[in-house]
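Trainee: In the numbering used here, the protein residues as written are 5 to 444. Even for Gly, the Cβ is constructed at its ideal location relative to N, Cα and C.
#1: Please tell me whether residue 75 and residue 428 are closer than 8 Å, where the distance is taken between their beta carbons.
#2: Based on the DSSP secondary-structure assignment, which residues constitute the bridge partners of residue 193?
#3: Out of 289, 304 and 103, point me to the one whose CA is closest to residue 296's CA.
#4: Does DSSP put residue 280 in a helix, a strand or coil?
#5: Based on the DSSP output, what are the partners of residue 242 in its beta bridges?
#6: Quick check: the segment 95-106 against the segment 120-130, are at least 3 beta-carbon pairs closer than 8 Å?
#7: Restricting to Cα atoms, I'd like to know which of 342, 88 and 263 is closest to residue 306.
#8: Tell whether a beta-carbon distance below 8 Å holds between residue 330 and residue 298.
#9: If you pair each beta-carbon of the segment 251-259 with each one of the segment 268-275, do three or more pairs fall below 8 Å?
#10: Can you tell me where the beta strand (DSSP E) holding residue 106 begins and where it ends?
#11: Taking the straight line between their C-alpha atoms, what separation do you get for residue 114 and residue 232?
#12: Helix, strand or coil for residue 437, going by three-state DSSP, please let me know.
#13: Just verifying my parser: in three-state terms, what is the DSSP assignment at residue 467?
#14: Our contact map puts residue 149 next to residue 156 with C-beta atoms below 8 Å; I'd like the distance itself, whole angstroms only.
#15: Can you say whether residue 153 is buried or exposed, counting buried as having 16 or more other CB atoms within 10 angstroms of its CB?
#16: Can you grab the Cα-Cα spacing for the pair residue 289 / residue 333, in whole Å?
#17: Can you give me the C-alpha to C-alpha distance between residue 204 and residue 309, rounded to a whole angstrom?
#18: Can you find the residues in the same chain that come closer than 7 Å, C-beta to C-beta, to residue 337, ignoring five residues on each side of it along the sequence?
#19: Taking 8 Å as the cut-off, decide whether the C-beta atoms of residue 351 and residue 321 are in contact.
#20: Report yes if the CB atom of residue 221 is closer than 8 Å to the CB atom of residue 96, and no otherwise.
#21: Quick check: what's the CA-CA separation for residue 208 versus residue 359?
#22: Are the beta-carbon atoms of residue 178 and residue 419 separated by less than 8 Å?
#23: As an exercise, report each continuous alpha helix (DSSP H) stretch of at least 4 residues that is fully enclosed by the segment 288-315, in chain order.
#24: Mark residue 188 as exposed unless 16 or more other C-beta atoms lie within 10 angstroms of its C-beta, in which case mark it buried.
#25: Hey, residue 240 and residue 211 are a contact pair by Cβ (cut 8 Å); roughly how many whole angstroms apart?
#26: Give the straight-line distance between the Cα atoms of residue 91 and residue 145, rounded to the nearest whole angstrom.
If you want it as structure tokens, here you go:
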């Protein structure tokens, strides 16, 4: 099933703001009445409209028109297809109470700017998170809400997509591979180990379970389990350290704690990182000790986990009173950071002062110490020192933006997802691309 998504030059900022997080067991009332019952999926089309740049925009940017794809139902789960090396691909899971939920595989064609969707049925329940395998293009895991015996609990399963060439609009079934069992509370998130790709960390409100998959990723067993002293703080967001494959960090209310999953021992902690709950975590792909956090206090903070008393940098580019749901480092250019918020906006920032140079060396010499040395001995060049800046504010959404992900194929492309089911594919502005590539 091939469909041309609308290419939108610009879009008005929403006149309505939507509140922050909704726990699945408490917020079913947030789901509005769904659209007509479906048999064959037909994507919604959004027409071009005009919008005004966010007041914090630093300079005029040449922004390529975005591509907008509308789902039939609400949604908040988005994942790049990490194992795909040729096509720009993303997976999205829906949230609906009254129909079978769906998984949408979106494949973007750069030449003709078209989105080709393939839709799979997900009758297991509402999809609250989705994570694609880093080594198999057709395998992914979801955490989903399924009422059972009068109780609503989030569970998780691993799925495989069938071959799907020339399907002509049919909604396809998924193959269930297995369920991540043994969790006594709702699953908060799951995350594939980027180094040891056969490992998946599954986080519930009380514990972290490390699962070891077989080579085909068709079965798994628990390798180790960590149960922190959570007291009243529930575990939420989780992220693997991308440099060693050992430490795994989780958000616990306003703090971040990490464990070395090879030994089940604590690795480090950042206490009271935010004044309100932390919603997301990410690690700098080039600087092994640098972490970003996003919270309900509307802030994005950057930390050296060896010196957690004070953040390296604090960004507050989103509207006041609206929490930040997602933060993502660009996997190739670590000065570029995306954030998504309940203010309906996606912000691209350039945090060059705490980034590495393109060759992997640390850009800010003042941030160096014995364990964080440049990887090369390049001579300093005579050029103006780059400055941190807000690059662009993307305003094509009209509801809370829960997820944003960089493409695994094109380092300049990314997708964002808002609660109303709108997926927007965007690109880094041309001037910023040239700046990052040091062509200007």
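Mentor: In brief:
#1: Within the chain shown, the letter at position 71 stands for residue 75. Within the chain shown, the letter at position 424 stands for residue 428. Inclusion of residue 75 and residue 428 in the CB contact set at 8 Å is not warranted, their separation being larger than that value.
#2: Along the chain shown, read from residue 1 onward, the residue named residue 193 stands at position 189. 207, per the DSSP bridge assignment.
#3: For the purposes of this step, residue 296 is taken as the residue at position 292 of the chain shown. If you compare the alpha carbons of 289, 304 and 103 with that of residue 296, the shortest gap goes to 304.
#4: As a working mapping, residue 280 is identified with position 276 in the chain shown. Residue 280 falls in the coil class under three-state DSSP.
#5: In the chain shown, counting from the first residue as 1, residue 242 sits at position 238. Paired residues: 254.
#6: Contact check between the segment 120-130 and the segment 95-106: three or more CB pairs, one atom from each, fall below 8 Å, which counts as touching.
#7: By one-based count along the chain shown, residue 306 stands at place 302. Comparing alpha-carbon positions, the option among 342, 88 and 263 lying closest to residue 306 turns out to be 342.
#8: On the chain shown, position 326 is the one that residue 330 refers to. On the chain shown, position 294 is the one that residue 298 refers to. Going by C-beta atoms, residue 330 is nearer than 8 Å to residue 298.
#9: With the cut-off at 8 Å, the segment 251-259 and the segment 268-275 touch.
#10: Looking up residue 106 in the chain shown gives position 102. Counting along the chain, the beta strand (DSSP E) containing residue 106 begins and ends at 105-113.
#11: Mapped onto the chain shown, residue 114 falls at position 110. Mapped onto the chain shown, residue 232 falls at position 228. Cα-Cα distance, rounded: 45 Å.
#12: Stepping through the chain shown from its first residue, residue 437 is reached at position 433. DSSP places residue 437 in helix when its eight states are reduced to three.
#13: Any question about residue 467 goes unanswered here, given that the chain covers just 5 to 444.
#14: Taking the chain shown and counting its residues from 1, one reaches residue 149 at position 145. Taking the chain shown and counting its residues from 1, one reaches residue 156 at position 152. Confirmed, about 6 Å.
#15: Here residue 153 refers to the residue found at position 149 of the chain shown. Its Cβ having fewer than 16 others within 10 Å, residue 153 is exposed.
#16: The sequence position of residue 289 within the chain shown is 285, counting from 1. The sequence position of residue 333 within the chain shown is 329, counting from 1. C-alpha separation (whole angstroms): 7 Å.
#17: Residue 204 sits at position 200 when you count from the first residue of the chain shown. Residue 309 sits at position 305 when you count from the first residue of the chain shown. Those two C-alpha atoms are separated by around 23 Å.
#18: What you label residue 337 is simply residue 333 of the chain shown in a count that begins at 1. The residues are 415 and 440.
#19: Here residue 351 refers to the residue found at position 347 of the chain shown. Here residue 321 refers to the residue found at position 317 of the chain shown. It is a contact, given that the beta carbons lie within the stated cut-off.
#20: Taking the first residue of the chain shown as position 1, residue 221 is located at position 217. Taking the first residue of the chain shown as position 1, residue 96 is located at position 92. Cβ distance not < 8 Å, so residue 221 and residue 96 don't count as in contact.
#21: By one-based count along the chain shown, residue 208 stands at place 204. By one-based count along the chain shown, residue 359 stands at place 355. C-alpha separation (whole angstroms): 32 Å.
#22: Looking up residue 178 in the chain shown gives position 174. Looking up residue 419 in the chain shown gives position 415. Cβ distance not < 8 Å, so residue 178 and residue 419 don't count as in contact.
#23: The qualifying runs do not exist here; there are none.
#24: Along the chain shown, read from residue 1 onward, the residue named residue 188 stands at position 184. Under this definition residue 188 is an exposed residue.
#25: On the chain shown, residue 240 is found 236 positions in, with the first residue counted as 1. On the chain shown, residue 211 is found 207 positions in, with the first residue counted as 1. In fact, because the Cβ distance is near 13 Å, the residues do not count as touching under 8 Å.
#26: Walking along the chain shown from the start, residue 91 turns up at place 87. Walking along the chain shown from the start, residue 145 turns up at place 141. Rounded to whole angstroms, residue 91 to residue 145 spans 20 Å at the Cα level.
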